[in-house]
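What follows is a set of notes on a single structure, which appears directly below.
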Amino acid sequence: MATMTAAQKRAQAKAEYDAFVAACPSRKLLDRISDKWVTLILAALGSGGGSPQPGADCAGEPRSMRYSELSRRLAGVSQKMLTQTLRSLERDGLITRTATPTVPVTVTYELTDLGLSLHQLMRGIKTWAETHMDDVLANRATYDTRTACTKELP
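Sequential numbering from 132 applies to the sequence shown in my numbering.
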């Protein structure tokens, strides 16, 4: 039996990633990147903060943003959730955190090349959701009306 080098083992494991398998690490990554806050943070950092108007295109130039800018841009996110999400994104190599020694310390976040590649995909999902929200709402109303009628029958 031939022994494998560490690089060969990594290559074999990479070829075997399958998110349909419960123990596969790619499933945990999929779970993390499908989080709404991850999507919105990537959209904000990848479009220079984006426009605060609903439905505005998020195709601006990527730029670094301060924590407070992200917090204002992501309406409804708690400080705890934003901090946890930013840390997980930094750990995964999707963003970088830069602390500048000023008084007080200035901390900025920016997408890495890996984060930019994911941003391209997530921007499309965000745009799809905004574009098709009226269709989804109409379908929900139709479904709710239909199921409410069937519940009333004996």
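Beta carbons: idealized from backbone N, C-alpha and C, even for Gly.
Check, Outcome
"Length at least 4, wholly inside the stretch 192-268: the alpha helix (DSSP H) runs in chain order", "198-204 and 210-222"
"First and last residue of the uninterrupted alpha helix (DSSP H) at Asp162", "Pro156 to Ile164"
"Rounded distance between the beta-carbons of Leu213 and Leu225, thought under 8 Å", "Between Leu213 and Leu225 the Cβ distance is about 15 Å, and since that is not below 8 Å, they are no contact."
"Start-to-end residues for the alpha helix (DSSP H) that takes in Val152", "From DSSP, Val152 is part of no alpha helix (DSSP H); its letter is neither H nor E."
"Beta-carbon gap between Thr227 and Glu241 smaller than 7 Å", "yes"
"Other residues of its chain near Ser219: CB distance less than 7 Å, five sequence neighbours each side excluded", "Arg163"
"Sequence-distant residues of its chain with Cβ nearer than 6 Å to Thr281 (five each side left out)", "none"
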